[in-house]
Amino acid sequence: MRDSVFILGVFALGVLLARCSFLPEFLLASDCALPALWIFMFLAGVSVGADRRLSQIIRNVRPFMLLLPIATTIGSLGGAAFAALFLLMPFGDCLAVGAGFGYYSLSSVFITQSKGADLGTIALLANIVRELFSLLLMRIIVKRLGPIAGISSAGCTSMDTTLPVIARYAGAAWILPALMHGIALDLSVPFWLTLFCSM
Amino acid sequence: MYIALLMMLAGILVGRVFRRVLAGAWLGRAVFLGVLALLFLLGIEIGVNDRLFAYLPAFGWRALVISLAVMAGSLLCARLLQTWLAKRGYFKE
Numbered sequence: 157m158r159d160s161v162f163i164l165g166v167f168a169l170g171v172l173l174a175r176c177s178f179l180p181e182f183l184l185a186s187d188c189a190l191p192a193l194w195i196f197m198f199l200a201g202v203s204v205g206a207d208r209r210l211s212q213i214i215r216n217v218r219p220f221m222l223l224l225p226i227a228t229t230i231g232s233l234g235g236a237a238f239a240a241l242f243l244l245m246p247f248g249d250c251l252a253v254g255a256g257f258g259y260y261s262l263s264s265v266f267i268t269q270s271k272g273a274d275l276g277t278i279a280l281l282a283n284i285v286r287e288l289f290s291l292l293l294m295r296i297i298v299k300r301l302g303p304i305a306g307i308s309s310a311g312c313t314s315m316d317t318t319l320p321v322i323a324r325y326a327g328a329a330w331i332l333p334a335l336m337h338g339i340a341l342d343l344s345v346p347f348w349l350t351l352f353c354s355m
Numbered sequence: 004m005y006i007a008l009l010m011m012l013a014g015i016l017v018g019r020v021f022r023r024v025l026a027g028a029w030l031g032r033a034v035f036l037g038v039l040a041l042l043f044l045l046g047i048e049i050g051v052n053d054r055l056f057a058y059l060p061a062f063g064w065r066a067l068v069i070s071l072a073v074m075a076g077s078l079l080c081a082r083l084l085q086t087w088l089a090k091r092g093y094f095k096e
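From first to last, the protein sequence lines are chains A and B. If you're matching positions, the first sequence starts at 157 in the numbering used here and goes up one per residue. If you're matching positions, the second sequence starts at 4 in the numbering used here and goes up one per residue.
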């Protein structure tokens, strides 16, 4: 719990400082996030490599892991279809937003191009919210619903931004499934977006 | 994005080679600090996006509803998968 509050606080501080234009130029250039992610992936890698159970983790890769991205896809698109009924929005629009799987940069740009800036903005917001909630709630999700649910809720981000929290709360054994899940979903996003934007 | 994955692979190799030196709790703490730094930067990235804030009142609730429905669907399916796998004897050490 303390971790989650801390994480939320740091995030809110970032938003607030940026809103008040209270930050030095070099941070606002917004390109720092990428190298920071690289450094951080390196660190996460070191912690896996130094883990004595590494060989056991690799031995644990099993065919059932391929079912993870399928479950996430069915669940995400099902949920998006349900939201379309509730919001009285066209099915194609809602499904396109849901098919971003948290990959907000690609999905918002793609949807803005083919469906306009309004839906593109909804896609940006909805997919950021998915990443954010997954980061903030990972501990609770893994504890209550299990590691697969944690990876699934993260969507595409299970291969980068949420990977560290997955490793922390689900355990190092779930890093490889999370990576495979994220990569598989990542590759499927352009396909789904093309399909749903043409609906 | 694939650079990030390569960085991780490089990290795994370095960690493997120096595993005797690196064992200890400070590594976990470093990773957590990294999470905080990333979130701070994500916050800044969102905070400087004026367009996003301008549209928030108009589209925010719709985005939130879609996002929550999508996550609920994913959690449900993942839970079903986990139950099904557990019944078939996976996850036993």
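We treat Cβ as the ideally placed atom computed from N, Cα and C, and that holds for glycine.
>> In whole angstroms, give me the CA-to-CA distance for residue 221 (chain A) and residue 324 (chain A).
In response: 19 Å
> Three-state secondary structure (DSSP) at residue 13 (chain B)?
Replying inline: helix
> By the criterion of Cβ-Cβ separation under 8 Å, what are the contact partners of residue 194 (chain A) in chain B?
Replying inline: 6, 7, 10
> Mind checking whether residue 327 (chain A) and residue 14 (chain B) have CB atoms under 7 Å apart?
Replying inline: no
> With C-beta atoms as the reference, is residue 39 (chain B) less than 7 Å away from residue 192 (chain A)?
Replying inline: no
>> Just to confirm the assignment: which complete alpha helix (DSSP H) runs, minimum length 4, are found wholly within the segment 237-264 of chain A?
In response: 247-254
>> Rounding to the nearest angstrom, what Cα-Cα distance links residue 18 (chain B) and residue 173 (chain A) in this structure?
In response: 36 Å
>> For chain A, check one thing: does any of its Cβ atoms lie closer than 7 Å to the Cβ of residue 32 (chain B)?
In response: no
> From residue 168 (chain A) to residue 49 (chain B), what does the alpha carbon distance come to, in whole angstroms?
Replying inline: 10 Å
>> So, for residue 283 (chain A): in the same chain, excluding its five sequence neighbours on each side, which residues have a beta-carbon less than 6 Å away from its beta-carbon?
In response: 256, 258, 260, 263
>> On the criterion of 16 or more Cβ atoms from any shown chain inside 10 Å, does residue 330 (chain A) qualify as buried, or is it exposed?
In response: buried
>> Taking the beta carbon of residue 343 (chain A) as the centre, do at least 16 other beta carbons fall within 10 Å, making it buried, or is it exposed?
In response: exposed
>> Could you check whether the Cβ of residue 43 (chain B) sits closer than 7 Å to any Cβ belonging to chain A?
In response: yes
> Out of A:352, A:315, A:350, which has the shortest C-alpha to C-alpha gap to residue 336 (chain A)?
Replying inline: A:315
>> Three Cβ pairs or more, each shorter than 8 Å: is that satisfied between the segment 289-306 of chain A and the segment 81-88 of chain B?
In response: yes
>> Counting C-beta neighbours from all protein chains within 10 Å, is the total for residue 254 (chain A) 16 or more, i.e. buried, or is it exposed?
In response: buried
>> Contact criterion: CB-CB distance below 7 Å. Does residue 94 (chain B) meet it with respect to chain A?
In response: no
>> Please state whether the Cβ-Cβ distance between residue 228 (chain A) and residue 70 (chain B) is less than 7 Å.
In response: no
>> Within 7 Å of any Cβ in chain B, is that where the Cβ of residue 338 (chain A) sits?
In response: no
> So, are the CB atoms of residue 232 (chain A) and residue 73 (chain B) less than 7 Å apart?
Replying inline: yes
> Quick one: does residue 221 (chain A) have its CB under 7 Å from some CB of chain B?
Replying inline: no
>> Could you compute how far the alpha carbon of residue 281 (chain A) sits from the alpha carbon of residue 230 (chain A)?
In response: 21 Å
> How is the alpha helix (DSSP H) around residue 218 (chain A) delimited, first residue to last?
Replying inline: That residue, residue 218 (chain A), is in no alpha helix (DSSP H); it is neither H nor E in DSSP.
> Would you say residue 170 (chain A) and residue 46 (chain B) are within 7 Å of each other, going by their C-beta atoms?
Replying inline: yes
> Smallest Cα separation from residue 286 (chain A): which of A:268, A:161, A:267, A:306?
Replying inline: A:306
> Going along chain B in order, which residues have a C-beta closer than 7 Å to the C-beta of residue 294 (chain A)?
Replying inline: None at all; the shortest Cβ gap to chain B is about 10 Å.
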